[in-house]
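Visitor: The following block contains the structure, expressed as structure tokens.
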Amino acid sequence: DQQVKQNSPSLSVQEGRISILNCDYTNSMFDYFLWYKKYPAEGPTFLISISSIKDKNEDGRFTVFLNKSAKHLSLHIVPSQPGDSAVYFCAVTHREKLIFGTGTRLQVFP
Amino acid sequence: DGGITQSPKYLFRKEGQNVTLSCEQNLNHDAMYWYRQDPGQGLRLIYYSQIVNDFQKGDIAEGYSVSREKKESFPLTVTSAQKNPTAFYLCASSIQVAGNTGELFFGEGSRLTVL
Chain A
1 DQQVKQNSPS
11 LSVQEGRISI
21 LNCDYTNSMF
31 DYFLWYKKYP
41 AEGPTFLISI
51 SSIKDKNEDG
61 RFTVFLNKSA
71 KHLSLHIVPS
81 QPGDSAVYFC
91 AVTHREKLIF
101 GTGTRLQVFP
Chain B
111 DGGITQSPKY
121 LFRKEGQNVT
131 LSCEQNLNHD
141 AMYWYRQDPG
151 QGLRLIYYSQ
161 IVNDFQKGDI
171 AEGYSVSREK
181 KESFPLTVTS
191 AQKNPTAFYL
201 CASSIQVAGN
211 TGELFFGEGS
221 RLTVL
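Sequences listed follow chains A and B, in order. Mapping of the first sequence onto our numbering: position 88 corresponds to residue 88, and the numbering continues sequentially without gaps. Count along the second sequence from 1, add 110, and you get the number used in our numbering.
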């Protein structure tokens, strides 16, 4: 049973525009919500996080939004750059574990 | 230069053979993890360890074994009992257990192919 879902396997965005990646979760007891970025044949790297007591967190071009009533998490990247092309995983913390979504491949084209 | 080192980067194995993947960290992190990545399935937790000489099963531990004899090292053995071992394996560490903040540091991964 998938507790964290990323329903869009891929997303294509023009350079300079906004990229919006989405994630849905099932359990209201999750504490932290995170986004990781992964390039091919490399390990994921932490991008940004938000705790369950907040609804927005910003870091430069990256903003994460948390809608607890809808159990929905989103990542906004603006403006998008070609170097942002990667697979993005949302993840949630639950007790001592980190649970990942299935990933969304973002492609930013010129 | 602090980080996590996984070896080998690529490994081929015949069916029926056990294989051990190495993971070493010099970040002085207490917690270490093994994840497996398959296409379209994201990252799934195999085993994790919060302290030396202690480890816990993750969601897909069957066919795998680990040890944590030293803080820096968390090797993963893929046994012949693992039915679908071909995958990309990722080791990670964190200052404290993942449930606190979720920020993990990952190695570059080991790709295992069973022939």
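Glycine included, C-beta positions come from ideal geometry on N, C-alpha and C. Since the model is a prediction, treat every value here as computed from it, not as a measurement.
#1: Using DSSP's beta-bridge definition, name the partner residues of A/I50.
#2: Listing by chain order, which chain D residues have their CB less than 8 Å from the CB of B/G219?
#3: Could you check which residue in B/Y143, B/D169, B/L153 has the C-alpha nearest to that of B/I161?
#4: Pick out whichever of B/H139, B/D169, B/F165, B/I205 has its Cα sitting closest to the Cα of B/R178.
#5: Of all the CB atoms in chain B, is at least one closer than 8 Å to the CB of A/G101?
#6: Any Cβ of chain B within less than 8 Å of the Cβ of A/S49?
#7: With the cut-off set at 8 Å, would you say A/V13 and A/V108 are in Cβ contact?
#8: With a threshold of 16 other CB atoms inside 10 Å of the CB of A/T104, please say whether the residue is buried or exposed.
#9: Please tell me whether, using a cut-off of 7 Å, the distance from the CB of A/S85 to the nearest non-hydrogen atom of the ligand NAD is below it.
#10: Taking 8 Å as the threshold (beta carbon to beta carbon), is B/K213 in contact with chain A?
#11: Applying the 10 Å Cβ sphere with the 16-neighbour rule, what's the burial state of B/Q108?
#12: Can you find the residues in the same chain that come closer than 8 Å, C-beta to C-beta, to B/T196, ignoring five residues on each side of it along the sequence?
#13: If you run the structure through DSSP and keep just helix, strand and coil, what is B/D164?
#14: For A/Q81, count neighbouring C-beta atoms within 10 Å of its own C-beta (all shown protein chains included) and say buried if the count is 16 or more, exposed if not.
#15: Could you tell me if A/V87 is buried or exposed, where buried requires 16 or more neighbouring beta carbons within 10 angstroms of its beta carbon?
#16: Along chain A, which residues have their Cβ under 8 Å away from the Cβ of B/L137?
#17: By how many angstroms is the C-alpha of B/Q135 removed from the C-alpha of B/Y158?
#18: With 16 as the cutoff for other CB atoms within 10 Å, does A/K54 come out buried or exposed?
#19: Helix, strand or coil: which one does DSSP assign to A/D55?
#20: Give me the chain B residues within the contact set of A/L11, using Cβ-Cβ distance strictly less than 8 Å, ordered along the chain.
#21: Could you work out which residues of chain A lie near B/L155, taking near to mean beta carbons separated by less than 9 Å?
#22: Between the stretch 29 to 47 of chain A and the stretch 120 to 136 of chain B, do at least 3 Cβ pairs fall closer than 8 Å?
#23: Can you list, in chain order, the residues of the stretch 141 to 152 of chain B whose Cβ is nearer than 9 Å to any Cβ on chain A?
#24: Find the residues of chain B that neighbour A/A91, judging by a C-beta separation of less than 7 Å, and give them in chain order.
Guide: Quick answer:
#1: Under the DSSP definition of a beta bridge, A/I50 partners with A/F33.
#2: Judged by its chain identifiers, the structure shown contains no chain D, and its protein chains are A and B.
#3: For the options B/Y143, B/D169, B/L153, the alpha carbon positioned closest to that of B/I161 is the one of B/Y143.
#4: Comparing C-alpha distances from B/R178 to each of B/H139, B/D169, B/F165, B/I205 shows the shortest one belongs to B/F165.
#5: In terms of beta-carbon proximity, A/G101 lines the interface with chain B, with at least one pair separated by less than 8 Å.
#6: At least one chain B Cβ lies under 8 Å of A/S49.
#7: Taking C-beta atoms as the reference points, A/V13 and A/V108 count as a pair closer than 8 Å.
#8: Counting Cβ neighbours within 10 Å, A/T104 comes out buried, since at least 16 surround it.
#9: Of ligands this structure carries none, so the ligand NAD is not represented either.
#10: Looking at the sequence itself, residue 213 of chain B is Glu, so the reference to Lys does not match. Closer than 8 Å: yes.
#11: It is not possible to answer for residue 108 of chain B, since the shown part of chain B is limited to 111 through 225.
#12: Same-chain partners within the cutoff: L222, T223, V224.
#13: B/D164: strand per DSSP, three-state reduction.
#14: Looking at its Cβ environment, which holds fewer than 16 other Cβ atoms inside 10 Å, A/Q81 is exposed.
#15: With at least 16 other beta carbons inside 10 angstroms of its own, A/V87 counts as buried.
#16: Near B/L137 there are no residues of chain A at all, since even the closest Cβ is about 13 Å away, more than 8 Å.
#17: So the two alpha carbons sit approximately 14 Å from each other.
#18: By the neighbour-count definition (other C-beta atoms within 10 Å, threshold 16), A/K54 is an exposed residue.
#19: Reduced to three states, the DSSP call for A/D55 is coil.
#20: What A/L11 touches in chain B: nothing, since even the nearest Cβ is about 15 Å away.
#21: Per Cβ cutoff of 9 Å: K97, L98, I99, F100.
#22: No: the two stretches stay apart, fewer than three of their Cβ pairs being nearer than 8 Å.
#23: Taking 9 Å as the Cβ-Cβ cut-off against chain A, the residues of the stretch 141 to 152 of chain B that qualify are A141, Y143, Y145, Q147, G150, Q151, G152.
#24: In chain order: G212.
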